[in-house]
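Undergrad: Numbering (the UniProt record's numbering), first residue to last: 1 to 206.
(1) Could you say if the segment 125-138 and the segment 174-186 meet the contact criterion of at least three C-beta pairs nearer than 8 Å?
(2) In chain order, what residues of the same chain have a beta carbon less than 7 Å from the beta carbon of residue 161, not counting five sequence neighbours either side?
(3) Indicate the three-state DSSP secondary structure (helix, strand or coil) for residue 134 in the structure shown.
(4) Three Cβ pairs or more, each shorter than 8 Å: is that satisfied between the segment 104-111 and the segment 148-159?
(5) Relative to the C-alpha of residue 129, which residue among 143, 118, 107 is closest?
(6) Would residue 146 pass as a contact of residue 124 if the rule is Cβ separation under 8 Å?
(7) Just mark residue 93 as buried or exposed, buried being the case when its beta carbon has 16 or more other beta carbons within 10 Å.
(8) Rounded to the nearest angstrom, how far is the Cβ of residue 154 from that of residue 205, given a contact under 8 Å?
(9) Going by DSSP, what residue range makes up the beta strand (DSSP E) through residue 200?
(10) Under the rule that 16 or more other beta-carbon atoms within 10 Å means buried, what is residue 187, buried or exposed?
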């Protein structure tokens, strides 16, 4: 289901019944209001939507004759994949809308998600520690919102995480430094004046 680049308003709760949905792109709309917790029911998402900021490339299955195809952009390069490789990828893109409210705790139940993009909205509140249950997540983009509080230390268990951004929010406290978080540069955190610790210029949190 591709609904990107429209002028859609409220994010419908009726998605809860689409449990067999394999692709969902809602980016670049004008959605307002909160993110429905019922999105946790979309456990069969298997196709990466365009414009996700993934940083890793998967070998293409050239032996498959399937017409299923997924395209996405990584660091300015467009990759196309087809065949059975799609069963190993999943993504949800709600970026560039007008969503408000808190990030639902229930999003953590999307355990098969490889990429989640909630950037460029007006989400507020804290980053839920429940996102640490998304064990397969490779790309998590929460940038350009109004999120507050600390970055949950529980997220260090996300060992597959390769792309992470909370840039341009209102976060504070010490940046996690263990596991994958030791690989992220200052760009992942820019625009949060009260964050501290490596790799930021403000290395001391005292």
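Cβ coordinates follow ideal geometry from the N, Cα and C atoms, glycine included. Computed from a prediction, not measured in an experiment: that's the story for all the values here.
TA: Concretely, from the data shown:
(1) The segment 125-138 vs the segment 174-186: no contact.
(2) 137, 138, 140, 180
(3) coil
(4) no
(5) 107
(6) yes
(7) Of the residues assessed, residue 93 falls on the buried side of the cut-off, its CB having 16 or more other CB atoms within 10 angstroms.
(8) For residue 154 against residue 205, the beta-carbon gap comes to about 19 Å, at or over 8 Å, which does not count as contact.
(9) No beta strand (DSSP E) contains residue 200, which DSSP labels as neither H nor E.
(10) exposed
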